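Trainee: Protein chains in written order, with my numbering: chain A, 1 to 342; chain B, 1 to 360. Beta carbons: idealized from backbone N, C-alpha and C, even for Gly. Computed from a prediction, not measured in an experiment: that's the story for all the values here. Quick one: structure below, then a few questions.
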């Protein structure tokens with residue numbers, strides 16, 4: 001695999017890569033926040049949402065909100081563990097940043113084409129629970145503590161179906177490299193028919209559904225938002241945060257949604273691949289194609305988020321262990337058998 | 001662990017404080033602490049004249065203000081032995097039922113929010129607006145109409161109100177269908193509410209639970225039908241809804257059916273609206289002859305009653321207010337024992353109380 005084929009020293013390459021990743025999250029979070037949180041949610045709830053700031057449909061609102069958060073005082077409760085509490089939002093955000101390292105946006109546009117890409121992405125994405133636990137414990141608040149424990153239990157339960165759901169894709173593609181998985185979808189064929197390549201969502205529909213459900217739980221979004229649960233835990237682990245650090249949690253929430261949508265788009269919808277587009281054209285179109293696919297996946301995610309009520313902690317645990325994990329195992333078995341048979 | 005929920009907790013919609021003793025996520029004991037919103041209305045009534053008091057009682061249960069005025073005005077009228085004209089009684093009944101619809105539409109959405117769905121409350125608020133517009137059109141006030149006078153009403157309905165009312169009721173019926181699809185038909189909602197917070201009928205009655213909460217426990221008791229005849233309910237063709245389960249789901253379901261029933265009642269009322277004056281002959285200065293009377297009515301939240309003692313002056317000597325939410329929340333320590341933390345919120349939402357109605 002080649003990365004950007006410019007002849008640069010490792011220092012400048014590193015700088016460019018860091019810049020790209022650092023820009024991607026806030027931009028992604030902004031787009032997501034605006035399109036889905038403000039506009040789509042507003043339309044689903046038959047209202048307008050913010051319309052005034054910036055002129056066109058209130059596009060400036062989120063940036064204005066961000067500026068507002070930065071002006072606010074950074075408050076710590078008296079009994080809080082200040083250093084841990086101050087660090088926690090960065091841990092959450094870091095895990096989101098790291099996922100984007102391996103997501104390809106074109107045949108040659110990828111920051112780091114790791115051979116263990118899938119494994120790496122899923123591993124770093126679950127780092128965020130450490131940040132949540134830190135925030136919940138250090139806040140010295142009972143609501144935050146309960147929320148952190150719920151989050152930990154939930155993330156452990158849903159990490160398993162998340163990984164198992166992806167195994168089917170890995171078996172079909174024969175590689176764990178995300179770039180390799182995209183190429184496999186670009187050049188593959190569904191039982192011998194190669195008209196549109198082989199987007200794994202068609203053959204791995206069960207895996208896709210499991211991945212989406214588990215990702216929803218990883219993001220702690222409704223119907224699995226027990227850790228945040230604003231009607232009972234009043235925001236959970238975020239309850240004592242204010243100002244800039246709260247903004248980081250907010251960025252982390254939408255950045256992670258962006259990351260998981262990008263992962264799902266890469267694994268199941270073929271990432272940058274368009275049927276019949278190769279080489280330089282694919283490089284040029286790649287980022288746009290990825291973004292469109294990410295938006296499609298995110299639409300599904302947020303649709304569920306704005307529609308469903310919240311499940312109780314014990315109910316979501318039993319859903320994970322009694323239904324999702326057995327189903328994922330059966331999916332792996334069937335995929336493996338078919339892979340050997342064909 | 002002792003968790004103090006409230007008085008500024010979002011699920012207690014107002015200023016109820018629950019001191020909850022927890023074992024993990026399980027509730028060992030729960031103790032409601034009330035009084036953060038006490039405004040002393042019972043005492044204030046002793047220093048007001050009768051026409052002034054309707055303004056006060058408006059604010060007890062602020063979601064269904066009009067329904068609060070009715071029992072008080074009835075009490076004064078019965079002591080004075082005057083009767084409001086039939087047209088006034090019909091309009092009173094219509095507005096009471098509109099207040100009931102407005103209150104329940106808010107509940108139908110709010111309950112969705114409390115179990116975690118973000119969208120239903122917006123639908124609830126949107127559809128309640130049609131009803132509030134009607135109340136505003138007739139009385140001039142969206143929340144606090146203060147429209148009742150002793151012996152009748154302030155004025156007649158404005159021109160064109162009845163046609164608008166028919167349209168709005170159609171919208172309410174549609175909106176009930178929407179809630180049936182969106183909330184009642186949702187498997188997660190059912191999981192969260194079925195067999196959560198079960199009140200057996202006899203236990204509920206012994207704690208003073210009333211209204212829809214008691215009907216959801218299978219007790220077929222509605223003051224509009226079973227109490228002393230008041231307003232024009234005898235002229236209407238309607239049904240009292242009950243549900244045998246007594247859980248949070250049953251309470252939601254019963255209120256949904258009652259919203260529909262109320263909309264149908266309003267349609268019947270505006271069809272059969274008699275002509276005539278809306279005010280009986282009442283002296284300029286209202287003086288109620290000495291006597292005592294107990295009047296209770298079926299308000300949206302449950303049984304509401306006034307015990308009125310008059311010594312013949314322009315104001316009452318003593319008024320005891322029996323408000324529905326006080327009885328409904330008094331069952332909380334019994335009901336919350338042994339449930340999980342998320343169920344506290346479901347149960348609180350499904351009992352549906354108004355803090356002003358508890359503290360007065």
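1) Helix, strand or coil for residue 295 of chain B, going by three-state DSSP, please let me know.
2) Starting from the Cα of residue 87 of chain B, find the closest Cα among B:283, B:231 and B:11 and give me that residue.
3) Mind listing the chain A neighbours of residue 249 of chain B? Cutoff is C-beta to C-beta under 7 Å, in chain order.
4) Contact check, residue 115 of chain B vs residue 26 of chain B under 8 Å by CB: the rounded distance?
5) Classify residue 399 of chain B as buried or exposed, calling it buried when 16 or more other Cβ atoms lie within 10 Å of its own Cβ.
6) For residue 312 of chain A, which residues in chain B fall below 8 Å Cβ to Cβ?
7) Taking all protein chains shown into account, decide if residue 75 of chain A is buried (16 or more other Cβ within 10 angstroms of its Cβ) or exposed.
8) When burial is assigned at 16 or more other CB atoms within 10 Å of the CB, is residue 120 of chain B buried or exposed?
9) Considering only residues of the same chain and omitting the five flanking positions on each side of residue 248 of chain B, which have a CB-CB separation below 7 Å?
10) Would you please verify whether the beta carbon of residue 142 of chain A is less than 8 Å from any beta carbon of chain B?
11) Please check the pair residue 364 of chain B and residue 218 of chain B, which I expect to be a contact at CB under 8 Å, by giving their CB distance rounded to whole angstroms.
12) Of all the options B:145, B:183, B:131 and B:173, which has the alpha carbon lying nearest to the alpha carbon of residue 162 of chain B?
13) Does any CB atom of chain B fall closer than 8 Å to the CB of residue 234 of chain A?
14) Could you round the C-beta distance between residue 182 of chain A and residue 104 of chain A to whole angstroms and report it? I think they count as a contact, below 8 Å.
15) To be precise: take each residue of the region 212-246 of chain A, compare its Cβ to all Cβ atoms of chain B, and keep it if any distance is under 9 Å. Which residues remain?
16) Would you call residue 284 of chain A buried or exposed, if buried means 16 or more other Cβ atoms sit within 10 Å of its Cβ?
17) From this set, B:309, B:222 and B:256, which residue's C-alpha is nearest residue 302 of chain B's C-alpha?
18) Find the residues of chain A that neighbour residue 122 of chain B, judging by a C-beta separation of less than 7 Å, and give them in chain order.
19) Indicate whether the contact test is met: 3 or more Cβ pairs, each with one atom in the region 93-109 of chain B and one in the region 246-265 of chain B, closer than 8 Å.
20) Look up residue 205 of chain B in the DSSP assignment and say whether it is helix, strand or coil.
21) Taking 8 Å as the CB-CB cut-off, is residue 15 of chain A touching chain B?
22) Please confirm if residue 308 of chain A has its CB atom under 8 Å from at least one CB of chain B.
23) Nearest chain B C-beta to residue 317 of chain A closer than 8 Å, yes or no?
24) Could you please tell me which residues of the region 138-156 of chain B, in chain order, have their CB closer than 7 Å to any CB of chain A?
25) Quickly, what does DSSP pair residue 355 of chain B with across the bridge? List them, please.
26) Of the choices A:275, A:121 and A:317, whose alpha-carbon is the least far from that of residue 102 of chain A?
27) Can you list the residues of chain A that residue 166 of chain B reaches, using a CB-CB cut of under 9 Å?
28) Should residue 22 of chain A go down as buried or exposed, given a rule of 16 or more other Cβ atoms within 10 Å for buried?
29) Mapping DSSP to helix, strand and coil, what is residue 243 of chain A?
30) Please classify residue 246 of chain B: is it buried, with 16 or more other beta-carbons within 10 angstroms of its beta-carbon, or exposed?
31) Report the residues of the region 287-312 of chain B with a CB closer than 9 Å to any CB of chain A, ordered along the chain.
32) Measuring straight from C-alpha to C-alpha, what distance separates residue 1 of chain A and residue 187 of chain A?
33) Distance check for residue 336 of chain A and residue 280 of chain A, CA to CA, integer angstroms please.
34) Whose CA, out of B:359, B:304, B:286 and B:342, lies closest to the CA of residue 48 of chain B?
35) So with CB distances below 7 Å, who are the chain A contacts of residue 114 of chain B?
36) Taking residue 138 of chain A as the reference, which of A:176, A:108, A:63 and A:83 has the closest Cα?
Mentor: By the coordinates alone:
1) strand
2) B:231
3) Neighbours of residue 249 of chain B on chain A: none; closest Cβ ~12 Å, over 7 Å.
4) Not really, about 19 Å apart at Cβ, beyond 8 Å.
5) Lying outside 1 to 360, the shown extent of chain B, residue 399 of chain B is not represented and no answer is given.
6) 191, 192, 340, 342 and 343
7) exposed
8) buried
9) 193, 196, 197, 346, 347 and 350
10) yes
11) Given that chain B is displayed from residue 1 to residue 360, the structure contains no residue 364 of chain B and the question cannot be resolved.
12) B:131
13) yes
14) 6 Å
15) 222, 223, 225, 226, 229, 230, 231, 232, 233 and 234
16) exposed
17) B:222
18) 45, 46 and 47
19) yes
20) helix
21) no
22) yes
23) no
24) none
25) According to DSSP, residue 355 of chain B bridges with nothing at all.
26) A:121
27) Under the 9 Å cutoff, chain A gives no residues; its nearest Cβ is about 23 Å from residue 166 of chain B.
28) exposed
29) helix
30) buried
31) none
32) Unreliable positioning characterises residue 1 of chain A in this predicted model, as indicated by a pLDDT of 39, which lies under 50. The coordinate reading is nonetheless provided below. Their Cα atoms are separated by approximately 16 Å.
33) 35 Å
34) B:286
35) 231
36) A:83
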